[in-house]
Each structure stands twice: as C-alpha cells, then as structure tokens.
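In our numbering, the protein residues as written are 172 to 640. The beta carbon of each residue, even a glycine, is placed where N, CA and C say it ideally should be. Single-structure report; data block below.
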Amino acid sequence: MASHPSFLQQVDRMYAKAAALTDHTPGLLKQISICNSVYKMEFPLVKDDGSIEVIKAWRAEHSHHKLPTKGGIRFSMAVNEDEVAALATLMTYKCAIVNVPFGGGKGGIQIDRNNFSDAELERITRRYTYELFAKNFIGPGTDVPAPDYGSGAREMAWIVDTYRTLSDDPLTAQACVTGKPIAQGGVRGRTEATGRGVFYGIRESVSFETDMANRGLKPGLEGKTVVVQGLGNVGYHAAKYMQEGGAVLVGLAEYEGAIHNPDGLDLESVMAHRKESGSILGFPGATDIPETARALELPCDILIPAALEGVITKENAPRIQAKIVAEAANGPVTADADAMLLEKGVLLLPDVFLNAGGVTVSYFEWLKNLSHVRFGRMSKRFEQSSNERIVKALAGAMKVEITPAEMMRLTAGADEVDLVNSGLEETMSTAYQETREIALSKGTDMRTAAFINAINKVAVTYAEMGIFP
Ligand code: NAD
172 MASHPSFLQQ
182 VDRMYAKAAA
192 LTDHTPGLLK
202 QISICNSVYK
212 MEFPLVKDDG
222 SIEVIKAWRA
232 EHSHHKLPTK
242 GGIRFSMAVN
252 EDEVAALATL
262 MTYKCAIVNV
272 PFGGGKGGIQ
282 IDRNNFSDAE
292 LERITRRYTY
302 ELFAKNFIGP
312 GTDVPAPDYG
322 SGAREMAWIV
332 DTYRTLSDDP
342 LTAQACVTGK
352 PIAQGGVRGR
362 TEATGRGVFY
372 GIRESVSFET
382 DMANRGLKPG
392 LEGKTVVVQG
402 LGNVGYHAAK
412 YMQEGGAVLV
422 GLAEYEGAIH
432 NPDGLDLESV
442 MAHRKESGSI
452 LGFPGATDIP
462 ETARALELPC
472 DILIPAALEG
482 VITKENAPRI
492 QAKIVAEAAN
502 GPVTADADAM
512 LLEKGVLLLP
522 DVFLNAGGVT
532 VSYFEWLKNL
542 SHVRFGRMSK
552 RFEQSSNERI
562 VKALAGAMKV
572 EITPAEMMRL
582 TAGADEVDLV
592 NSGLEETMST
602 AYQETREIAL
612 SKGTDMRTAA
622 FINAINKVAV
632 TYAEMGIFP
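Here it is as structure tokens:
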C-alpha cells in the first residue's frame, strides 16, 4: 500500500502546482522551495525527581533570502523534522504574501507539555534557547522564534531572558523572540493577532458578491453559520471575533469532543462551562459529538480548522458540507483533500494567507523592540489636538454643541493596540485582494494564487541580489 505523502511533500506539491504557472527558471524555483538549514538537537532534562530524560528538538530555517528568519516553536509529541521543515517553508511564503521582510523558520520540541511540571518546561525552554544560541540559530538579525501550538507568552519570556544573559548586544536582545508578555517587550494585540487576522481575512473574502453568489451565499458575515475546531489561541480568538462580527457559531470542537447547536453557541458561556466542568461536552442546549473530528462534517457556511494539520483528508473531504473552509491552523487540509474540496466548489482560504496575522504583528513587535518606543507614544497627543481643532471648527461652523464626552470620543489619538490592529486589518485586506486578483487572472484557486504571489516576491529579492539570471 502506498504511504501517505508527508506534510513537507504535500507543501511541495502545492508549490509545484503554483510554480508551473510562473515564468521562473527551474533552478530558481528549486532554490526558493528548498529548506536552507535544519538543526536537530537532543539534550538532557533533569526532571524534578532527579531522573534524566533526553529531549528531541529542531529548528528549521527555510529561506535566508531575507533575514531574520521567523517562525513559531511547537511543543508537541507529533513534532518531527519533516513537520518543522514544512512549517518553515509555509512561513517563507506567508511572510512574502503579507509583505513581512523575513525568511521562514520554525522550531519544535518533541514533548507532551502536560507530562512536565512548570519548572521542567522552563528548563527545557531555556536549554533549547541555549542550544539555538550556540549554533547561531537565534538572534534579532538571524532567527526570531514566536509562540505556536503548545507554547505561549510565558515560554517566550523564558527565551528572551535566556538570550539576554548570553548576548553581548543588550540594545537589540529583546528582539530575539516575539509573542512576549508586554512587560518583557511584547506588543499589545499580539496574543489575539492570529485569530483577529483570521477574522479580517474571512470578512474580506465574504465581501465579494460574485464569490459568495457562486456558493449560494449572500455577501457579509451577518448570520453566516460557523464551525471552529480547536479553541486554543487561534481558534478561540477567531471564534470570538466571528461571533462579534455577526456570525453564528453552530459547532465547536476540542480534543475531548465537540458540541453542536444550529441556533448558535455563545462562546464565552462555552468557555466558562469548559473551565468549570473540564470539557465542552454537556453544554446546556447543545448536542454532544463524542467523536470530535465529526464536527468538521457539520452543516455550516464556514468551517475553521484551528487545531493541527492533516485533519481534512481524502477520507472525510467528501463529507465536508461547509461552503468556505478557512485554514486558521497550518496545513489542516491535505493536498488530496484540497483538490476534492475545490472540485466541490468550496472557497478555500489557505493557511499561508489566512493565519499570517500572527507573523504580521510579530513583525510590529520586532520593530518596537528595535526602536525602543511604544507605537503611538509620540503621535497620540498630537493627533488628539489636531482632531480637536477640526472638530471645534466644524462644530462652530455648524452651530452644534459637543459635550466633553463626545469630544473625547471623536478626537482620541491612536493607542498602540489601535495602530497594531489597524496595521493588521490593512495587511490582511490588501493581501486578500492581491491574491484574489492573481487567482482571477491565472484562473486558479486561492492557495495556488497565494503561492504564486509568494514565489514572485521571493524571486524579486533573488533578482535584486543578482544571484540568479
Ligand atoms: P494552541 O495550543 O493554543 O491551541 C490548539 C488547540 O487545539 C488546543 O486548545 C487543543 O486542545 C486543541 N486540539 C488539539 N487536538 C484537537 C483535536 N483533535 N480536535 C479539536 N481540538 C484539538 O495552538 P495555537 O497557537 O492556537 O495553534 C493552532 C494552529 O494555528 C496550529 O496549526 C498553529 O501552527 C497555527 N498557528 C498559530 C499561530 C499563533 O500565533 N499561535 C500563528 C499561525 C498559525
């Protein structure tokens, strides 16, 4: 029996489909697709009980055409070299699509974090950082990690703290990692950025009347039914903004099971129920789906897989009923399933575009760390007084009274989080429009168009270096 193609082979297959629609030479196309370096490490962890466990971990730098390379660190038992290389590859394309001037990278530590105490996780993360430092695989200008599946702000704080003690450049050290807590140099809006970006991307995609009409849908988010798989950082925030934007969450899935209610599920109530009972199952008014993957097959307008890769395969693709599949996770749809969904007329919003909000705001965090100034610090008051002058002049000309509260609301200058969110919104909307234009002009799907977009942008960098004819 033929074995399943690996994650990297699937990414390469998608790349080949797009590459065939470009005019670049085979040599350049090969250079753009290959993974430049992978560092595999094994190091000992002294556990709390004094025993020793050997930990396996990787860091892949897919493309050095722009530096630093950038990409999250996964804490998962499923991590392996192929997966890290595949995810680093996607990062290169993702950065290019949203015009973030980085190459792609990805890291992984092969552990189930639930099997380790906080102190052990800290030792693992610090040792991993030390290993990266020793091999020049971390640094503000070389390779900048971020959170991913199983890691978050706390781990990023351990990384920056370890790096700072090793680096001899205190001025830039903080920019060695993103997704940090605010007090450690993080940027407001980073935690929710990927989910928020998913929301902006979907909102843009459903705004095109013809694209919606082709799927029997009306434009706009209002009333669209949504199923979300995975309520972690990305899934929870995507679900939250979708609900706030007027969509109806009809199905939610976690690893312990899924719940369904065609009349809608209130996200915060479900989260509170899960916190209290330890499970989303048993939520009042909803039907339990113990076999959680079945949630992907629920009737809905928009399906958002936001957990892990490879969850929509050729086996379950025929049963997917969603009209839009929005890849919040990396690689949730296999290459075979991708072809089958397109055949069914599904609008597939690819990961390389849709979850790029995280790296976009990571880029803002990196800029903030290098400039040592909070966004909006120098402009907020200036904007406020300029706005005040305009509002006062208009109010005078129109002979209307403005209350102090109204004046404050109308004239407020932008805070850091306002600027971050507005930069993210602009980035996601522009990237969608750019990719859609390519899809229309080449007569292809959104994933292939996104890859073409990325290939062309990376090719321009190589052309400007004068390396390739
Ligand atoms: P996370 O660890 O915060 O959340 C993942 C969630 O999925 C967890 O709640 C977990 O319990 C749940 N889950 C695991 N297996 C499941 C299953 N079989 N069915 C349903 N739920 C399941 O991770 P995250 O940061 O939200 O990342 C999720 C995905 O998004 C990954 O593919 C990651 O690579 C991608 N991503 C994350 C970011 C980011 O900024 N965090 C950026 C881009 C892409």
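Cut-off 8 Å between Cβ atoms - residues of its own chain near residue i, not counting five sequence neighbours on either side
i, result
"Asn487", "Ala464, Leu467, Glu468 and Ala508"
"Gln152", "Lying before the first or after the last residue shown, residue 152 is absent from the chain, which here runs from 172 to 640."
"Asp219", "Ser288, Ala290 and Glu291"
"Ser378", "Pro390 and Gly391"
"Arg359", "Ile353, Asp586, Glu587, Val588 and Val591"
"Ile223", "Pro215, Leu216 and Val217"
"Lys237", "Cys266, Pro272, Phe273, Gly274 and Thr632"
"Leu512", "Ile483, Ala488, Ile491, Val496, Val504 and Leu519"
"Trp329", "Glu293, Thr296, Arg297 and Thr300"
Residue i vs residue j beta-carbon contact at 8 Å
i, j, result
"Val269", "Val209", "no"
"Glu587", "Phe553", "no"
"Leu423", "Gln414", "no"
"Ala324", "Leu595", "no"
"Ile460", "Ala497", "no"
"Pro239", "Thr313", "yes"
"Glu213", "Trp229", "no"
"Gln555", "Ala477", "no"
"Phe246", "Ser322", "yes"
"Pro197", "Arg184", "no"
"Val397", "Cys471", "yes"
"Val250", "Gly221", "no"
"Glu536", "Thr349", "yes"
"Arg374", "Leu518", "no"
"Ile475", "Gly416", "no"
"Gly372", "Val331", "no"
"Ala409", "His431", "no"
"Ile495", "Ser593", "no"
"Ile451", "Glu427", "yes"
"Gly449", "Asn404", "no"
"Ala610", "Ala620", "yes"
"Leu538", "Pro311", "no"
"Thr260", "Leu388", "no"
"Gly394", "Ala317", "no"
"Arg335", "Val532", "no"
According to DSSP, residues forming a beta bridge with residue i
i, result
"Ile460", "Ala429"
"Leu420", "Val397"
"Trp229", "Lys211 and Gly279"
"Thr240", "Gly274 and Asp314"
"Val217", "Ile223"
"Phe246", "Ile280"
"Leu474", "Val398 and Val496"
"Leu518", "Ile495"
"Val504", "Ile483"
Residue nearest to residue i in terms of C-alpha spacing, selected from the options
i, options, result
"Arg294", "Phe273, Ala267 and Met327", "Met327"
"Tyr264", "Gly372, Gly637 and Thr606", "Thr606"
"Ala354", "Ile623, Glu380, His543 and Ala249", "His543"
"Leu258", "Cys266, Gly276 and Met248", "Gly276"
"Val530", "Val271, Gly584, Asn385 and Thr296", "Val271"
"Val369", "Ser600, Ala610 and Ala630", "Ser600"
"Glu559", "Asp382, Lys237 and Ala583", "Ala583"
"Tyr412", "Ile430, Gly428 and Glu439", "Glu439"
"Val315", "Ala566, Met262 and Phe622", "Met262"
"Glu302", "Lys227, Pro311 and Ile282", "Lys227"
"Lys306", "Met569, Arg548, Glu232 and Gly516", "Glu232"
"Glu462", "Ala187, Met383, Glu425 and Ala564", "Glu425"
"Lys485", "Lys515, Ala500 and Ala499", "Lys515"
Contact set for residue i: own chain, Cβ-Cβ below 7 Å, skip 5 residues either direction
i, result
"Glu635", "none"
"Met172", "Residue placement at Met172 is poorly supported in this model, since its pLDDT is 46, which falls under 50; the coordinates still yield a value, given next. So the list is empty, once near-sequence residues are dropped."
"Ala630", "His195, Leu199 and Ile203"
"Arg284", "Phe246, Leu292 and Gly321"
"Ile573", "Val562 and Ala566"
"Val571", "none"
Neighbourhood of residue i by C-beta, 6 Å cutoff - its chain only, sequence neighbours within 5 removed
i, result
"Ser338", "Ala344"
"Gln492", "Pro470"
"Phe454", "Ile430, Val441 and His444"
"Tyr320", "Arg245 and Ser247"
"Tyr534", "Val271"
"Lys551", "Gly584"
C-beta neighbour in chain B for residue i, strict 8 Å
i, result
"Ala354", "Looking at the structure shown, chain B is missing, and only one protein chain is on hand."
Indicate whether the contact test is met: 3 or more Cβ pairs, each with one atom in the stretch 524-531 and one in the stretch 338-345, closer than 8 Å. no
Mind the definition here: the stretch 199-215 touches the stretch 623-630 only if three or more C-beta pairs lie below 8 Å; say whether that holds. yes
Count the C-beta pairs between the stretch 608-623 and the stretch 185-192 that are closer than 8 Å, then say yes if the count reaches three, no if not. yes
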